[in-house]
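These notes are about the structure you will find just below.
Protein chains: 2
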Amino acid sequence: MKVQKFSIADVNLVRSPGQSGDIFVANMVDERHGGHITIGYGRYAPEQTLTETMAVDDVMIVLEGRIAVSMGAGTVEAGPGEIVYMPKGASVTITTEGEGALTAYVTYPHWAEAHES
Amino acid sequence: MKVQKFSIADVNLVRSPGQSGDIFVANMVDERHGGHITIGYGRYAPEQTLTETMAVDDVMIVLEGRIAVSMGAGTVEAGPGEIVYMPKGASVTITTEGEGALTAYVTYPHWAEAHES
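Quick note, the sequences are listed as chains D and Z, same order.
Following this note's numbering, the numbering of the first sequence begins with 183 at its first residue and continues without gaps.
Following this note's numbering, the numbering of the second sequence begins with 183 at its first residue and continues without gaps.
As structure tokens, this is what we get:
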């Protein structure tokens with residue numbers, strides 16, 4: 183029940199599971215803490231591509247850089263302050279160009295559990 | 183199941199319910215869309231104070247400006263790129279100073295429904 187504050191300076195990013203690119207994540211709040219949502223930071227190096235089918239609802243807030251998310255016919259591009267919502271079941275390709283990107287994310291339910299199952 | 187992108191430029195902010203200050207919100211995704219989470223933007227004018235007991239888990243990502251959240255003995259202050267997590271049941275006072283703040287938020291479950299009940 184305690185209010186918590188997180189900053190990218192506090193985190194240890196690890197390579198995002200299930201891919202070998204330079205995409206790193208750090209969960210600040212997740213299944214270890216008893217709630218329903220996961221909160222974290224993601225860092226994408228430049229020129230990365232990640233294709234996946236969303237196992238959870240995933241909200242990505244771009245903090246720095248730019249990211250593109252394509253799904254079938256359409257592509258959205260997002261920069262600082264913009265939000266990309268990738269609902270469960272969506273098959274997406276996430277790409278970065280020369281800048282890479284820093285994101286915050288919130289998922290419901292916990293992505294790490296959904297990933298394993 | 184569609185990927186969506188949101189930008190502060192797209193939104194119509196409305197006064198946050200239950201308070202008369204200059205605090206404005208816009209839900210981009212909420213109970214109208216069938217999922218479990220609400221996604222939105224919040225704008226706090228300078229020198230605002232909002233006290234509430236959290237009816238839902240609320241993740242606030244600061245995009246511009248600064249915000250302080252106090253709870254009992256402790257206060258956290260957050261600026262651009264920082265995340266404040268206010269879990270359900272927490273009694274908080276949110277304040278802004280001279281800059282005000284622009285935030286993105288994600289709540290589980292939907293705050294508007296919890297607010298009404």
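Glycine included, C-beta positions come from ideal geometry on N, C-alpha and C.
Rounded distance between the beta-carbons of residue j and residue i, thought under 8 Å
i, j, result
"residue 243/D", "residue 243/Z", "5 Å"
"residue 245/D", "residue 228/D", "About 16 Å; that fails the 8 Å criterion."
"residue 221/Z", "residue 241/D", "5 Å"
"residue 268/D", "residue 185/Z", "5 Å"
"residue 276/D", "residue 232/D", "5 Å"
"residue 367/D", "residue 226/D", "Nothing can be reported for residue 367/D, as the shown portion of chain D is limited to 183 through 299."
"residue 203/D", "residue 230/D", "5 Å"
Minimum Cβ-Cβ distance from residue i to chain D less than 7 Å
i, result
"residue 245/Z", "yes"
"residue 239/Z", "yes"
"residue 193/Z", "no"
"residue 200/Z", "no"
"residue 186/Z", "yes"
"residue 242/Z", "no"
"residue 276/Z", "no"
"residue 211/Z", "yes"
"residue 269/Z", "yes"
Chain Z within 7 Å of residue i, Cβ atoms only
i, result
"residue 218/D", "yes"
"residue 206/D", "no"
"residue 272/D", "yes"
"residue 183/D", "yes"
If we count Cβ pairs, one from each stretch, closer than 8 Å, do we get three or more for the region 194-206 of chain D versus the region 237-253 of chain Z?
-> no
Spell out a yes or no on whether the region 201-214 of chain Z and the region 255-268 of chain Z are touching, meaning 3 or more CB-CB pairs, one atom from each, closer than 8 Å.
-> no
Between the region 249-266 of chain D and chain Z, which residues of the former have CB atoms less than 7 Å from a CB of the latter, in chain order?
-> 251, 253, 258, 260, 263, 264, 265 and 266
Using Cβ-Cβ distances below 7 Å, what residues of the region 278-295 of chain D are close to chain Z?
-> 286, 288 and 290
Which residue spans inside the region 204-287 of chain Z form an unbroken alpha helix (DSSP H) run of at least 4?
-> none
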